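Written below as structure tokens is the structure these notes are about.
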Amino acid sequence: MALLLLLLPYVHGQGLTVGFYNNTCPNAESLVQQAVAKAFANDSTVAPGLIRLFFHDCFVRSAVESACNATVSCADIVAFAARDAAALAGNITWAVPSGRRDGSVSIANETLANLPPSTFNASQLIQNFANKNLTLDEMVTLSGAHSIGVAHCGAITKDRLYNFSGNASAFDPTLSSSYADLLRNKCPSNSTLLTPITVGLDIITPNVLDNRYYTGLQLNLALMTSDQALMTNANTSAEVNINANNQTAWVEKFKKAMVRMGNIEVLTGTQGEIRKNCRVVNSGSGIGLVVDSMGSHEY
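Residues in the sequence shown are numbered consecutively from 1, following UniProt numbering.
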């Protein structure tokens with residue numbers, strides 16, 4: 001869920017339209033779709049990172065640039081790619097309003113400040129998303145993106161899997177004891193974020209974008225503290241139960257929430273720029289400190 005908010009500083013919802021590139025780059029969306037499908041065929045783990053809008057753009061950007069130079073923004077490519085990845089991982093798709101421009105300032109600290117850490121409780125998550133005018137229901141709905149993807153062992157060893165409340169042998173009591181045993185067999189207590197061992201975010205259907213993530217929460221099988229925290233608040237847990245009971249309803253909410261999130265703080269018209277390299281601002285246009293990920297689908 002943290003990574004879902006990554007591009008929000010780059011991207012006011014006015015001026016976005018479905019089919020924005022129909023005249024200037026009519027193949028833009030199909031080119032992105034083809035590039036994502038090719039990458040997914042080679043490595044299905046690219047899907048979680050694309051859906052969370054935190055990924056290395058090169059394999060998609062180059063395909064679009066070769067056909068439509070300096071026309072399609074990185075922000076729109078990210079939005080298209082997230083949709084296409086959801087289609088591949090969960091047969092979920094939607095029309096993406098486009099016409100975004102890229103920010104001419106990209107500062108790592110500002111980006112990271114928008115990301116809710118995996119240790120957040122429910123109240124903190126609600127406030128974090130409310131700061132971006134996203135509702136509690138939308139927050140819980142978007143959390144379903146954690147139906148796919150992995151985390152490094154180091155993301156859960158401190159406080160969740162070991163050393164809970166300062167007790168070296170204790171694990172978070174909101175974690176199923178049998179699941180804790182399974183995780184401990186895989187993740188040593190000295191694991192760090194550099195330890196090359198990963199665990200799926202969703203133990204039930206780790207490679208499918210679906211509502212079984214919410215079933216996992218009901219069974220205390222969430223890997224991350226912030227995910228299981230959704231069951232500790234009456235309002236968020238009610239939404240979890242609704243989503244767990246109805247895949248079709250969750251899918252419809254997820255599509256709408258993704259569009260809503262994509263409309264937050266966008267630049268349009270003559271604002272910003274069309275980046276030549278999605279990782280950095282164009283030369284002379286602003287400050288170019290950008291965040292690079294350790295892995296597009298990982299914590």
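Glycine is no exception: its CB is placed at the ideal position from the N, C-alpha and C atoms. Since the structure is predicted, the reported quantities are computational estimates derived from the model, not experimental observations.
### Message
Less than 7 Å between the beta carbons of Phe20 and Ser98, yes or no?
### Response
The count along the sequence shown starts at 1 and reaches residue 20 at position 20. The count along the sequence shown starts at 1 and reaches residue 98 at position 98. Closer than 7 Å, so yes.
### Residues of its chain near His146, where Cβ-Cβ distance is below 7 Å and the 5 sequence neighbours each way are ignored
Position 146 of the sequence shown, counted from the first residue, corresponds to residue 146. Hits under 7 Å: Met1, Leu201, Asp202, Tyr213 and Asp227.
### Query
DSSP on Asn91, reduced to helix/strand/coil?
Against the sequence shown, residue 91 aligns to sequence position 91. If DSSP states are grouped into helix, strand and coil, Asn91 belongs with coil.
### Message
Taking its Cβ as the centre, do 16 or more other Cβ atoms sit within 10 Å of Val240, making it buried, or is it exposed?
### Response
Here the question's residue 240 lines up with position 240 in the sequence shown. Result: buried.
### Unbroken stretches of the alpha helix (DSSP H), 4 residues or longer, contained in the region 174-202
The DSSP assignment places complete alpha helix (DSSP H) segments of no fewer than 4 residues inside the region 174-202 at 177-186, in order along the chain.
### Task
Please name the residue in Ser283, Ser104 and Met224 whose C-alpha comes closest to that of Leu161.
For the purposes of this step, residue 161 is taken as the residue at position 161 of the sequence shown. Restricting attention to Ser283, Ser104 and Met224, the CA atom closest to the CA of Leu161 is found in Met224.
### Query
Quick one: is Lys253 buried, meaning 16 or more other Cβ sit within 10 Å of its Cβ, or exposed?
Start at 1 with the first residue of the sequence shown, and residue 253 comes out as number 253. It is buried - the Cβ of Lys253 has at least 16 other Cβ atoms within 10 Å.
### Message
Which residue marks the beginning of the alpha helix (DSSP H) containing Val281, and which one marks its end?
### Response
On the sequence shown, residue 281 is found 281 positions in, with the first residue counted as 1. If you look at Val281, you'll find it isn't in any alpha helix (DSSP H); DSSP assigns it neither H nor E.
### Exposure of Ser143, with buried meaning 16 or more beta-carbon neighbours within 10 Å
If you number the sequence shown from 1, residue 143 lands on position 143. Buried, because 16 or more other Cβ atoms sit within 10 Å of the Cβ of Ser143.
### Query
What is the DSSP secondary structure of Phe20, counted as helix, strand or coil?
Counting from one through the sequence shown, the residue named residue 20 turns up at place 20. In the structure shown, Phe20 sits in coil (DSSP, three-state: anything other than H, G, I, E or B).
### Query
Expressed to the nearest angstrom, what Euclidean distance is found between the alpha-carbon atoms of Pro9 and Trp94?
Taking the sequence shown and counting its residues from 1, the one referred to as residue 9 is at position 9. Taking the sequence shown and counting its residues from 1, the one referred to as residue 94 is at position 94. Residue placement at Pro9 is poorly supported in this model, since its pLDDT is 35, which falls under 50; the coordinates are not used for a value here.
### Query
Are the Cβ atoms of Ala85 and Ile51 separated by less than 7 Å?
Start at 1 with the first residue of the sequence shown, and residue 85 comes out as number 85. Start at 1 with the first residue of the sequence shown, and residue 51 comes out as number 51. Here Ala85 is near Ile51, since their CB atoms are less than 7 Å apart.
### Check whether Val32 and Ala81 have beta carbons under 7 Å apart
Here residue 32 refers to the residue found at position 32 of the sequence shown. Here residue 81 refers to the residue found at position 81 of the sequence shown. Yes, the Cβ-Cβ distance between Val32 and Ala81 is below 7 Å.
### Query
If you compare alpha carbons, which of Ser104, Ser44 and Cys74 is closest to Asn282?
The residue you call residue 282 lines up with position 282 of the sequence shown. The residue with the shortest Cα to Cα distance from Asn282 is Ser104.
### Task
Classify Asp159 as helix, strand or coil using the three-state DSSP reduction.
Residue mapping note: residue 159 aligns to position 159 of the sequence shown, counting from 1. In the structure shown, the three-state DSSP call for Asp159 is coil.
### Query
Of all the alpha helix (DSSP H) runs that stay within the bounds of the region 194-277, which reach a length of 4 or more residues?
Complete alpha helix (DSSP H) runs here, min 4: 212-218, 225-228, 234-245 and 247-262.
### Query
Which partner residues does Arg101 have in the DSSP bridge list?
Reading the sequence shown from its first residue, position 101 is the one you call residue 101. For Arg101, the beta-bridge partners assigned by DSSP are Leu267.
### Task
Would you check if the distance between the CB atom of Val208 and the CB atom of Gly90 is smaller than 7 Å?
The count along the sequence shown starts at 1 and reaches residue 208 at position 208. The count along the sequence shown starts at 1 and reaches residue 90 at position 90. For Val208 and Gly90, yes; Cβs fall inside 7 Å.
### DSSP-derived helix/strand/coil call for Val150
Mapped onto the sequence shown, residue 150 falls at position 150. Correct three-state label for Val150: strand.
### Task
Could you check what DSSP says for Asn167 in three-state terms: helix, strand or coil?
Against the sequence shown, residue 167 aligns to sequence position 167. Collapsing the DSSP output to three states places Asn167 in a strand.
### Task
Whole angstroms is fine: what's the gap from Ala244's alpha carbon to Leu230's?
On the sequence shown, position 244 is the one that residue 244 refers to. On the sequence shown, position 230 is the one that residue 230 refers to. Ala244 and Leu230 have their alpha carbons spaced roughly 13 Å apart.
### Exposure label - Thr248; buried when at least 16 CB within 10 Å
Start at 1 with the first residue of the sequence shown, and residue 248 comes out as number 248. By the neighbour-count criterion, in which 16 or more other beta carbons inside 10 Å mark a residue as buried, Thr248 falls on the exposed side.
### Task
Can you have a look at Pro196 and say buried or exposed, based on whether 16 or more other CB atoms are within 10 angstroms of its CB?
In the sequence shown, residue 196 corresponds to position 196, counting from 1. It is exposed - the Cβ of Pro196 has fewer than 16 other Cβ atoms within 10 Å.
### Query
How far does the alpha helix (DSSP H) with Ala70 in it reach, from first residue to last?
Walking along the sequence shown from the start, residue 70 turns up at place 70. Run containing Ala70: none; DSSP gives neither H nor E here.
### Integer Cβ distance of Cys68 from Ala28, believed to fall under 8 Å
Counted from its first residue, the sequence shown places residue 68 at position 68. Counted from its first residue, the sequence shown places residue 28 at position 28. Yes, Cys68 and Ala28 are in contact; Cβ-Cβ is about 6 Å, under 8 Å.
### Query
Roughly how many angstroms lie between the CA atoms of Ile242 and Lys276, to the nearest whole one?
Position 242 of the sequence shown holds residue 242. Position 276 of the sequence shown holds residue 276. Ile242 and Lys276: Cα-Cα distance of roughly 43 Å.
### Whole-angstrom distance between Arg100 and Gln271, CA atom to CA atom
Within the sequence shown, numbered from 1, the residue matching residue 271 stands at position 271. Within the sequence shown, numbered from 1, the residue matching residue 100 stands at position 100. Note on geometry: alpha-carbon atoms of Gln271 and Arg100 lie some 9 Å from one another.
### Task
Rounded to whole angstroms, what's the CA-CA distance from Thr192 to Ile156? Just pull it up for me.
Here residue 192 refers to the residue found at position 192 of the sequence shown. Here residue 156 refers to the residue found at position 156 of the sequence shown. Going from the Cα of Thr192 to the Cα of Ile156 covers about 9 Å.
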